[in-house]
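Going line by line, the protein sequences match chains A and B. Each residue of the first sequence is one higher than the one before, counting from 12 in this note's numbering. Each residue of the second sequence is one higher than the one before, counting from 12 in this note's numbering. Backbone N, C-alpha and C define an ideal beta-carbon position, used for all residues, glycine too. In what follows, a structure is listed as structure tokens, so that the remarks can point back to it.
Protein chains: 2
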Amino acid sequence: MGKIEDAIQQKEFKDPFNKVVVNLLYTHSYLVTSQNGLLKPFGISPEQYNVLRILRGQNGEPTTVSSIQDRMLNKMSNASRLVEKLKIKGLVERTECPSDRRQVDIVITEKGLELLNRLQNQVERANQNVIHLTEPEVLQLNDLLDKLRG
Amino acid sequence: MGKIEDAIQQKEFKDPFNKVVVNLLYTHSYLVTSQNGLLKPFGISPEQYNVLRILRGQNGEPTTVSSIQDRMLNKMSNASRLVEKLKIKGLVERTECPSDRRQVDIVITEKGLELLNRLQNQVERANQNVIHLTEPEVLQLNDLLDKLRG
DNA sequence: TACATTTGTATGTATATACATTTAAATCAC
DNA sequence: GTGATTTAAATGTATATACATACAAATGTA
Chain A
12 MGKIEDAIQQ KEFKDPFNKV VVNLLYTHSY LVTSQNGLLK PFGISPEQYN VLRILRGQNG
72 EPTTVSSIQD RMLNKMSNAS RLVEKLKIKG LVERTECPSD RRQVDIVITE KGLELLNRLQ
132 NQVERANQNV IHLTEPEVLQ LNDLLDKLRG
Chain B
12 MGKIEDAIQQ KEFKDPFNKV VVNLLYTHSY LVTSQNGLLK PFGISPEQYN VLRILRGQNG
72 EPTTVSSIQD RMLNKMSNAS RLVEKLKIKG LVERTECPSD RRQVDIVITE KGLELLNRLQ
132 NQVERANQNV IHLTEPEVLQ LNDLLDKLRG
């Protein structure tokens, strides 16, 4: 019985809009806690994992820091510092862009790709274990979230 | 057109479970960014706002730090430090619990209640503006999130 | 060309998250 | 009661978020 009222011991909400905000924040924490546990043995955070996936999606094409920033899940995060952390771990490379010396080209390294490969199956299995929904329900949830943001 | 694929420029997802995780993280960031903008003029963070609401729900009954922790939206957060911040602002009071000297009783102050009152209408209006769903859709989303967590 | 404006990235700072460790008080076992 | 264990809260430390600001390179304009 996973009702949000029980989970956070709040008897009732003023209105369903208020409630859904709380419910989303709470569910987010539920998911991130699971993700953290999964990624911790690999030495990366969920945010760093996301940046690596963005870079893999480039199929070898270099990407700039600001392009990563635009595509991050948390727009207020700091791509510059996350890239720096990944570089220290040898998971990405950073080279000055020749056409515009302000820009920095980022590519995922072989080591970064290997890490993603090792993680892939585990992440997929963990997601399916942690999300107690049928596939039609997941599709519906995706539609509602997309519509929510307008 | 708010599809998550467009928002983060990812062409497709391996499976809908994977996609709904990304969608929830992204939607969370969307909501928290809105909340931050709303609360900033009042000098509190979303997490501090949540603790104040928990305390208001007690109707004057004191609550311990660990009880606040249990009811926080982010279970990994740090109630002890958040309470400290609120105390510095004069929004809560902290007294040693007489029956168990390890525990600390927390109550919201008059100033804290006034802050919540001033915020109330604004938060409600902001929530309804930021959530582009009908009421039936909101109810459905609440149900799906509750079920997701199992 | 000279100078203002814009853009890409990095840095500074306060807060929060994630988790380990510490400290003191309460409870349990004997 | 003494010592071990558990519990409540605080503290330590690394990372991330949320902004503001700085700085250098590029662009626009007179």
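query: Residue(s) in a DSSP beta bridge with B:I119; result: B:V103
query: Whole-Å CB distance - A:L155 paired with B:L152, under 8 Å assumed; result: 5 Å
query: Chain B within 7 Å of A:G123, Cβ atoms only; result: no
query: C-beta atoms of A:R105 and A:V115 nearer than 7 Å; result: yes
query: Buried versus exposed, by CB contacts within 10 Å (16 or more), A:I99; result: exposed
query: Candidates A:L159, A:Q131, A:Y41 and A:H39: closest to B:L150 by CA position; result: A:L159
query: Cutoff 7 Å: B:G101 Cβ touching any chain A Cβ; result: no
query: Neighbour flag for A:G161 against chain B, beta carbons, 7 Å; result: yes
query: According to DSSP, residues forming a beta bridge with B:T75; result: B:D116
query: Own chain partners of A:L66 with C-beta closer than 8 Å, once the 5 adjacent residues on each side are dropped; result: T74, I79, V103, I117, V118, I119 and G123
query: Reference A:K96; option with closest CA among A:C108, A:I15 and A:Q59; result: A:Q59
query: Beta-carbon spacing of A:L127, B:Y37 below 7 Å; result: no
query: Residues of its chain near A:S88, where Cβ-Cβ distance is below 8 Å and the 5 sequence neighbours each way are ignored; result: E58 and Q80
query: Cutoff 7 Å: A:T38 Cβ touching any chain B Cβ; result: yes
query: Cutoff 7 Å: B:V31 Cβ touching any chain A Cβ; result: yes
query: B:G48 vs A:G161 beta-carbon contact at 7 Å; result: no
query: A:G101 versus A:I55 - alpha carbon distance; result: 12 Å
query: Neighbouring residues, chain B, relative to A:F28 (Cβ below 7 Å); result: N138, Q139, I142 and V149
query: Separation of A:L50 from A:R82, as counted between CA atoms; result: 21 Å
query: Below-7 Å beta-carbon distance, B:Y60 vs any chain A residue; result: no
query: Beta-carbon contacts of A:F53 that lie in its chain and below 7 Å, excluding the five residues immediately before and after; result: L126 and L130
query: Range of the contiguous alpha helix (DSSP H) that encloses A:H39; result: P27 to L50
query: Partner residues on chain B for A:K14, Cβ-Cβ distance less than 8 Å; result: D157
query: Beta-carbon proximity list for A:K30, same chain, < 8 Å, skipping 5 on both sides; result: I15 and F24
query: Alpha-carbon spacing of A:N132 relative to B:R112, whole angstroms; result: 49 Å
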